[in-house]
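The structure appears below as structure tokens.
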Amino acid sequence: MISGYLITILIIIVIYAMLAHSLNIITGRAGQISLGHAAFFGIGAYTSAMLYTEAGFPFWISVPMAAVVAGIVGALLGIPCLRVRDDFLAITTMGINFVVEAIFLYIPFFGGAMGIGGINLPKWFGREMTKPEYFILILVVFFLLILMDRRMGRSWIGLAWASIREDEQAAGAMGVDVVRFKVLAFILGSAIAGLAGGFYAHFLTFIMPQNFGFGQSIVVLSMVVFGGIGTRWGPIVGAIILGILPEVSRPIMEYRILIYGVLLLAMMRFQPGGLLGSESILSKVFRRTVYRLSSSE
Amino acid sequence: MALLEVAALSKEFDGLRALDGVSFTAEEGEILGIIGPNGAGKTTLFNLISGIYPSSAGEINFQGKSILRMKTHQISCLGIGRTFQIVRPFQNLDVETNVLVACGHRFYPSLWKSTGPFRQPEIVKEVQILIERAGLRPYAKQIAKNLPLGFKKRLEIARALALNPHLLLLDEPSAGLRFEESAQLMGLIRQVRDQGIGVLLIEHNMQVVMDLCKRIVVLDHGSKIAEGSPEEIRSNPLVIQAYLGKEA
Chain C
1 MISGYLITIL IIIVIYAMLA HSLNIITGRA GQISLGHAAF FGIGAYTSAM
51 LYTEAGFPFW ISVPMAAVVA GIVGALLGIP CLRVRDDFLA ITTMGINFVV
101 EAIFLYIPFF GGAMGIGGIN LPKWFGREMT KPEYFILILV VFFLLILMDR
151 RMGRSWIGLA WASIREDEQA AGAMGVDVVR FKVLAFILGS AIAGLAGGFY
201 AHFLTFIMPQ NFGFGQSIVV LSMVVFGGIG TRWGPIVGAI ILGILPEVSR
251 PIMEYRILIY GVLLLAMMRF QPGGLLGSES ILSKVFRRTV YRLSSSE
Chain E
1 MALLEVAALS KEFDGLRALD GVSFTAEEGE ILGIIGPNGA GKTTLFNLIS
51 GIYPSSAGEI NFQGKSILRM KTHQISCLGI GRTFQIVRPF QNLDVETNVL
101 VACGHRFYPS LWKSTGPFRQ PEIVKEVQIL IERAGLRPYA KQIAKNLPLG
151 FKKRLEIARA LALNPHLLLL DEPSAGLRFE ESAQLMGLIR QVRDQGIGVL
201 LIEHNMQVVM DLCKRIVVLD HGSKIAEGSP EEIRSNPLVI QAYLGKEA
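First to last, the protein sequences are chains C and E. According to the numbering used here, the stretch in the first sequence is residues 1 to 297, in order. According to the numbering used here, the stretch in the second sequence is residues 1 to 248, in order.
What follows is the structure in structure tokens.
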């Protein structure tokens, strides 16, 4: 039987993987840097929590609504972001994160610094879900998201995103509606982050504004960059490694952010494409091993 | 009706007049040369026609319709393809995929259709024909950034042709190319013209311009200083002065 501690870690890792995957749509696929992704994670968590605790909606409605609301807000905030690029976009998205966090913190409607409690795990078959059941639920949802990502990657939408990531002006000159596809990336990325936020709120049962601050955005961005920005599996690998890291390094917990920073610097220096990105050392070693094994046979 | 009509077109950048009241027309099946010294406003003119910059004043009509307030992608979908002075292929995509991008607007008009796979047999077939025409067939699966400059320029033309254009804007296509590469590229441009596509050609290589164009527009310091046949341009004192400077 899996211990409660282990299942908690696994659930958190899947939620982070979902979040990293959602950021990868905006930053990796469409090439739009975002330093404020935790804002949409928070919007999803707060939407789900408010609908569940205040309006009495069940989990099965509040969590999908979290995705819808985060997607709508993502579209609204994505539109002003279309006017800026690169470092200006990074600053704008960072600002969005601070504003959203401040709204949660200073508007009493959202529970202020005390946050929102009393959010429970979902019920099914007349009882509350166990943690392993919840883990399987979010794993299935995540699997469906990966399938969707696979389809997107092979679709015209995926190609339009790739062209925008490569060269926005040239993409426009080749007939790609840059605004449409950028907004679509913001909507999808924000909606999936909102969905992850809904799952997060119902798992933690208590949320507060600090869970969705700028630091959280950097953690998610680290996962994407570490694993391999723009790749399908990179952000997931990043979420697994950086998700496990704080647990195995509990004795030096205070240095967590420092460790993340050093890891990011090391990645930029030695493996800028990420663990599974272009020029990946891992894939080179893998290919070399396969070649050696096949030639020795 | 002319294919393209540019009337009194101007562009200012923070007080600097990059283009000042330029007017000309271009016809189908014609290669119109746009020449002028560096900083004359040639690339600015292309950026205005293709919608990358908004104009400060003037009018641009394409097939009798104003395109002045249109976005870049709307203009390209209408049938104006372009290449760039400094080549800008999608560097990390292969040659075939680069050309596929420009086919998109015809095959995926709605967002719903855009969820379909981009490698559909009919599109790939069309792309392969364009790649063949551009002489890039052996390099179809090569990543664009690994191609030599001459092939990158051909790729840009193949990509622009995938838009099914009526007008092609070519910005210094022979710059940086060896003589043989340049000659091959000129052959491709002639083929394009023979298809009935209008071509606006910015070029510094006068031999190329004089060989390809029946009509030439000369810009200097943002203004049009001359327009006419290669012979007229060659003997125009204003053009000689713009290129060689005033006699002391």
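We put the CB at the ideal spot given by N, CA and C, even for glycine.
Are residue i and residue j touching if we call contact CB-CB under 8 Å?
| i | j | result |
| --- | --- | --- |
| residue 60 of chain C | residue 122 of chain C | yes |
| residue 57 of chain E | residue 8 of chain E | yes |
| residue 91 of chain E | residue 145 of chain E | yes |
| residue 214 of chain E | residue 30 of chain E | yes |
| residue 63 of chain C | residue 43 of chain C | no |
| residue 167 of chain C | residue 159 of chain E | no |
| residue 249 of chain C | residue 236 of chain C | no |
| residue 239 of chain E | residue 32 of chain E | no |
| residue 242 of chain E | residue 36 of chain E | yes |
| residue 110 of chain C | residue 119 of chain C | no |
| residue 40 of chain E | residue 221 of chain E | yes |
| residue 219 of chain C | residue 264 of chain C | no |
| residue 61 of chain E | residue 53 of chain E | no |
| residue 95 of chain E | residue 140 of chain E | yes |
| residue 229 of chain C | residue 261 of chain C | no |
| residue 200 of chain E | residue 169 of chain E | yes |
| residue 85 of chain E | residue 171 of chain E | yes |
| residue 228 of chain E | residue 3 of chain E | no |
| residue 41 of chain C | residue 212 of chain C | yes |
State the DSSP-derived secondary structure class of residue i, mapped to helix, strand or coil.
| i | result |
| --- | --- |
| residue 64 of chain C | helix |
| residue 198 of chain E | strand |
| residue 248 of chain E | Per-residue confidence for residue 248 of chain E stands at a pLDDT of 48, beneath the threshold of 50, marking its modelled position as unreliable; the derived number appears in the next sentence. Reduced to three states, the DSSP call for residue 248 of chain E is coil. |
| residue 295 of chain E | Missing from the structure shown is residue 295 of chain E; chain E here goes from 1 to 248 and no further. |
| residue 95 of chain C | helix |
| residue 76 of chain E | helix |
| residue 130 of chain C | coil |
| residue 54 of chain E | coil |
| residue 164 of chain E | coil |
| residue 3 of chain E | coil |
| residue 10 of chain E | strand |
| residue 124 of chain C | strand |
| residue 92 of chain E | coil |
| residue 220 of chain E | strand |
| residue 177 of chain C | coil |
| residue 227 of chain E | strand |
Chain B partners of residue i, CB-CB under 8 Å?
| i | result |
| --- | --- |
| residue 166 of chain C | Looking for chain B here will not work: the only protein chains present are C and E. |
Grab me the residues of residue i's own chain with a C-beta within less than 6 Å of its C-beta, minus the 5 sequence neighbours each way, in chain order.
| i | result |
| --- | --- |
| residue 36 of chain C | 93, 94, 96, 97, 217 |
| residue 79 of chain E | 165, 166 |
| residue 129 of chain C | 121, 122 |
| residue 233 of chain C | 276 |
| residue 20 of chain E | 10, 222, 223 |
Using a Cβ-Cβ cut-off of 8 Å, state whether residue i counts as contacting chain C.
| i | result |
| --- | --- |
| residue 43 of chain E | no |
| residue 116 of chain E | yes |
| residue 249 of chain E | Residue 249 of chain E falls outside the range modelled here, since chain E spans only 1 to 248, and no answer is possible. |
| residue 166 of chain E | no |
| residue 84 of chain E | yes |
| residue 102 of chain E | yes |
| residue 163 of chain E | yes |
| residue 105 of chain E | yes |
| residue 159 of chain E | yes |
| residue 53 of chain E | no |
| residue 18 of chain E | no |
| residue 248 of chain E | Model confidence at residue 248 of chain E stands at a pLDDT of 48, short of 50, so the residue's coordinates are unreliable and nothing is read from them. |
Report all residues from its chain with a CB closer than 8 Å to the CB of residue i; omit the five preceding and five following residues, and keep chain order.
| i | result |
| --- | --- |
| residue 271 of chain C | 277, 279, 280, 281 |
| residue 99 of chain E | 127, 130, 131, 155, 158, 159, 162 |
| residue 136 of chain E | 95, 151, 154, 155, 158 |
| residue 113 of chain E | 107 |
| residue 139 of chain C | 14 |
Going along the chain, which residues of its own chain have a beta-carbon closer than 7 Å to the beta-carbon of residue i, five neighbours each way excluded?
| i | result |
| --- | --- |
| residue 248 of chain E | Low per-residue confidence applies at residue 248 of chain E: pLDDT is 48, beneath 50, and the placement is therefore not dependable enough to give any value. |
| residue 125 of chain E | none |
| residue 178 of chain C | 164, 168, 171, 172 |
For residue i and chain E, any beta-carbon pair shorter than 8 Å?
| i | result |
| --- | --- |
| residue 172 of chain C | yes |
| residue 169 of chain C | yes |
| residue 157 of chain C | yes |
| residue 177 of chain C | yes |
| residue 154 of chain C | yes |
| residue 280 of chain C | no |
| residue 266 of chain C | no |
| residue 162 of chain C | yes |
Next on the checklist: Taking 8 Å as the cut-off, does the region 65-83 of chain E touch the region 116-133 of chain E (at least 3 CB pairs, one atom from each stretch)?
Outcome noted: no
Checklist entry - Three or more C-beta pairs closer than 8 Å, one from the region 4-23 of chain C and one from the region 226-241 of chain C: is that the case here? => result yes
Next on the checklist: Does the structure place the region 180-193 of chain C close enough to the region 65-80 of chain C that three or more beta carbon pairs sit under 8 Å?
Outcome noted: The region 65-80 of chain C is in contact with the region 180-193 of chain C.
Checklist entry - Does the region 106-123 of chain E touch the region 151-160 of chain C, meaning 3 or more C-beta pairs lie closer than 8 Å? => result yes
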